[in-house]
Every structure is written in C-alpha cells, then in structure tokens.
Amino acid sequence: MNCQKITKWLLDCQLTDGHYAGGLLEGEDVRTGNYEFVYFETTGYLLTYLVNEYQATREEIFLHRAKQAVQFLTANLTRWGLPYTLDPKSSKLDRRVFTFDNAIIISGLLDLFTVTKLTRYRALALLISRPLIKSMIRTDGTVRAYRDLQTGRVTHSGTDFATDESCIHIKDSIALLKLARATGRGKYRTLAERLLATAPSFQRPDGSFLVHKNGSFVFSHAHCYATEGCLYGYLSTGSKEYLKWACAAGDYLSSAQAWTGGIYQYERSGQTAADATSQAIRIWRSLDLITGRPAYGANIKRALAYLDRMQAAQGGLRYTQGRFLGRSPILYTWVSMFARSAQCLTGSPAPLINEIY
Numbered sequence: 156m157n158c159q160k161i162t163k164w165l166l167d168c169q170l171t172d173g174h175y176a177g178g179l180l181e182g183e184d185v186r187t188g189n190y191e192f193v194y195f196e197t198t199g200y201l202l203t204y205l206v207n208e209y210q211a212t213r214e215e216i217f218l219h220r221a222k223q224a225v226q227f228l229t230a231n232l233t234r235w236g237l238p239y240t241l242d243p244k245s246s247k248l249d250r251r252v253f254t255f256d257n258a259i260i261i262s263g264l265l266d267l268f269t270v271t272k273l274t275r276y277r278a279l280a281l282l283i284s285r286p287l288i289k290s291m292i293r294t295d296g297t298v299r300a301y302r303d304l305q306t307g308r309v310t311h312s313g314t315d316f317a318t319d320e321s322c323i324h325i326k327d328s329i330a331l332l333k334l335a336r337a338t339g340r341g342k343y344r345t346l347a348e349r350l351l352a353t354a355p356s357f358q359r360p361d362g363s364f365l366v367h368k369n370g371s372f373v374f375s376h377a378h379c380y381a382t383e384g385c386l387y388g389y390l391s392t393g394s395k396e397y398l399k400w401a402c403a404a405g406d407y408l409s410s411a412q413a414w415t416g417g418i419y420q421y422e423r424s425g426q427t428a429a430d431a432t433s434q435a436i437r438i439w440r441s442l443d444l445i446t447g448r449p450a451y452g453a454n455i456k457r458a459l460a461y462l463d464r465m466q467a468a469q470g471g472l473r474y475t476q477g478r479f480l481g482r483s484p485i486l487y488t489w490v491s492m493f494a495r496s497a498q499c500l501t502g503s504p505a506p507l508i509n510e511i512y
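Using our numbering, the final residue of the sequence shown is 512, and nothing's skipped along the way.
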C-alpha cells in the first residue's frame, strides 16, 4: 500500500472551508468522483489518525486538521451527543445519536488531549460522555444503540449490529478506560469492566463473536470491534481473561480468511471486506507481540497483499470484493484509516495501545 496516498486522500476528504469545515466525508464514489455525506463517527476516528500521524512525523498540519475536526464536532453537539451523519449540500442531519459513534469520538478527543495536554479536549470528551453514561450505557453492561432525537426513543431492538445490545459495544469500553486514565476516576474503569464482562455471552466456542447474544450470525467487522475492546482492556488492566477472549477471537479470524487474503464479511459468505481485513491484521500483530509467539505471520502477509490490491488510484481503499473478484466502487475513509493503521503496526514497534482505536 502507498500510505502517503492514503493520508493525502483522507486529508482531501476532510472539509476545510465553509460552514462544515473540519468534518470528514464518509467516502468517494470512483465512478463519479462524488463524495458522500459527513460522518461523525469517522470524524472521531480521524482525530486518532491525525494524532498518530503527528506523533510519527511531528508535522503541525495534522494537529491543525485535528483542531478543525474538534471545531466541527463542537458546533454540531446536541445535549445528547453528536448525530449520525450530515449532508453538506442540503444541511440535512440524520438525528440519531449512536452510542458507539460517540464513544469513538470521545476516544479520539482523549487521544488528542494526551498529546496536546489541552484540557478543553478532555472537557469536551466528558461533556459527550455524560448523557451516554446516564441513559445509554447501563450498569449491567448492556447498551442502548442510539437515541432518536426526532421521536425521543432510546430502545431499538433487532438483529442488526446497529441495534441494542450488540457485541460492538464491548469496544465502548475503550472510551471509558481512556476517561479513567485522563481523569483518575475509577467509576469509568468500573463501567468499562462491566461492558467487557459481557464478552463471553457473545463468544462461541470457535472464538467468534455473534452480533447478538441470541443471534445466529457473525459480522466480521463487529467481531473485530469486540476483539479490539478485549485487547485494549488487557493492555489497560492486565486482565488475562480479556487476553484469552482476544486470542480465541484472533484464531477465529484466521479461519475466516479467504484464499485472496481478505476476511469474509459475513460467516459463510463469498464477499470479503477491507475494514475487517485491516482490523484482523492489527489484532493478529498485537497478539503476536503480546504473546511472543509469531503465530499469524502468514495470515498477515496475505492480508496485506489483499489490501494492496484494494487500494484505488485515488489513494483510498475499496470496501469489499465479491466472490468473483469484483470490487466495490466506493472508497471509504474509515476503511482507509484502518488499513493505514494496519500497515503502521506491522512496520514499527509503536505502542500497541495507540494503534487499537
């Protein structure tokens, strides 16, 4: 992969002027050159990405772009958190406030606080966290997926990963553990541990995380999110239980790798996905370094070759590849950030905890 092209493309996808300057577009359609809507979750991921790029290069452009992203987030903050998406052409907001998305934003803000020591970033992270902790992340470790600001509803049951009590919320623990570290308050760690304690109820004997506890399918992207939560939990607390769950999940990913090197998007499907493949590389590399046994070297090599083929001329990565090797025409920003992170993690001894978003 050409990582410089990824970074350039990502910076091009961030709006730099106008009313919505700082927001990150979801992606680009290579057929038309048109950009998608502004995505608040990926703007949160962008903060972490820019922090990592700044730490690697010391180039001020990355901190400047991070500051713009924070200004955009601040301008669009509601009393319940950040909304889902924004169409910059029509100014139409999707007024659903997703718990997971806001946890990612909190995480990015705290990464920025850690590097800059500017307390306003920590203050904003705390402000966003309060309604989540009050009404969305419950003390028994279950999580409500989103609040609909139009209807006021906070309960949304279903089988999709974006509905209540999905395995993806194990990763919400990362934001809580970062809050604990940034504030010194143990209540955030306690709540994070309750989220992490739900992991076995999602995990099958083969190591896979079901989307829902009573569900019947595995979505690899969501599986990786749950695994990342367990890995970060181990690196933050030293709990061997979290590492055990992550190791089993890493082994499952090796069985979900197609001959192309990509990770199957869904269990028993013919389509592979670049986001889950990038996440798998990070997980495998982390486990190899943590355990001291390079068990996944061949998997990583094949996965990196797959990502190399998924990179478009524009710099971003295509999302999926079908059974007959047809590739998605959409380049997504979060996929490209994950791929860049995967490349960095295999090429440098950077602290693992900085590379698990």
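Where a beta carbon is used, it is the ideal one built from N, C-alpha and C, also for glycine.
Nothing here was measured: the structure is a model prediction, and the numbers come from that model.
| Check | Outcome |
| --- | --- |
| Member of L408, F192, V225 and R213 whose CA lies at the smallest distance from the CA of S245 | F192 |
| Beta-carbon proximity of E183 to Q469, cut-off 8 Å | yes |
| Cβ-based neighbour list, Y175, same chain, cut-off 7 Å, excluding 5 preceding and 5 following | V193, F227, L241 and P243 |
| Residues sharing a beta bridge with R251, DSSP | D303 |
| Close beta carbons around L386, own chain, < 7 Å, minus the five adjacent residues each side | A401, I438, S441 and I511 |
| With 16 other Cβ atoms within 10 Å as the buried cut-off, status of K456 | exposed |
| As assigned by DSSP and simplified to three states, the class of P469 | It is worth fixing the name first, because residue 469 is Gln in this sequence and not Pro. Q469: coil per DSSP, three-state reduction. |
| Limits of the unbroken alpha helix (DSSP H) element including D361 | Per DSSP, D361 belongs to no alpha helix (DSSP H) and is neither H nor E. |
| Where the alpha helix (DSSP H) containing T233 begins and where it ends | Per DSSP, T233 belongs to no alpha helix (DSSP H) and is neither H nor E. |
| Inter-residue spacing [alpha-carbon to alpha-carbon] between N231 and Q223 | 13 Å |
| Pairwise C-alpha distance: A211 and G236 | 31 Å |
| Whole-angstrom distance between I323 and M156, CA atom to CA atom | 28 Å |
| S279 versus D249, R250, T294 and L334, residue with shortest Cα-Cα distance | This sequence places Leu at residue 279; Ser is not what is there. Answer by Cα proximity: L334. |
| Spatial distance of A411 from E422 (CA atoms) | 7 Å |
| Environment of D295 [buried if 16+ CB atoms lie within 10 Å] | exposed |
| Beta-bridge pairing of H367 - partner residues as DSSP gives them | S321 |
| Per-residue burial, N189 [other beta carbons within 10 Å of its own, 16 or more giving buried] | exposed |
| Test item: CB-CB of S328 and G384 under 8 Å | yes |
| Neighbourhood of H311 by C-beta, 6 Å cutoff - its chain only, sequence neighbours within 5 removed | A300, T318 and D319 |
| Presumed contact (8 Å Cβ cut-off) between S321 and A403, rounded CB distance | Actually they are not in contact, since the Cβ atoms of S321 and A403 sit about 19 Å apart, beyond 8 Å. |
| Rounded straight-line distance, which links the Cα of Y487 to that of Y451 | 26 Å |
| Closest residue to T314 among F372, L264, L346 and R302 (Cα-Cα distance) | F372 |
| The beta strand (DSSP E) enclosing I485, as first and last residue numbers | I485 to Y487 |
| The beta strand (DSSP E) enclosing G384, as first and last residue numbers | It is not in any beta strand (DSSP E) - G384 instead sits in the alpha helix (DSSP H) that spans S375 to T392. |
| Spatial neighbours of A428 in its chain, beta-carbon cut-off 6 Å, leaving aside the 5 residues before and after | Q420 and T475 |
| Beta-carbon gap between Y596 and L351 smaller than 8 Å | Since the displayed the chain opens at 156 and closes at 512, residue 596 lies outside it and no answer follows. |
| Alpha carbon of G425 to alpha carbon of F316, nearest angstrom | 20 Å |
| Reduced DSSP secondary structure (H/G/I, E/B, other) of V193 | strand |
| Alpha-carbon spacing of Q169 relative to L179, whole angstroms | 4 Å |
| 8 Å contact criterion, which I283 and I261 should meet: CB distance rounded | 5 Å |
| Minimum C-alpha distance to E471 - residue among I418, W489 and L398 | Note that residue 471 corresponds to Gly in the displayed sequence, not to Glu. Of the listed residues, the one whose Cα sits closest to G471 is W489. |
| Pairwise C-alpha distance: R495 and I216 | 18 Å |
| Reduced DSSP secondary structure (H/G/I, E/B, other) of R482 | strand |
| Residue nearest to Y204 in terms of C-alpha spacing, selected from G173, G263, T269 and T229 | G263 |
| Given A381 as reference, the closest of A460, Q498, F357 and G199 once Cα atoms are compared | F357 |
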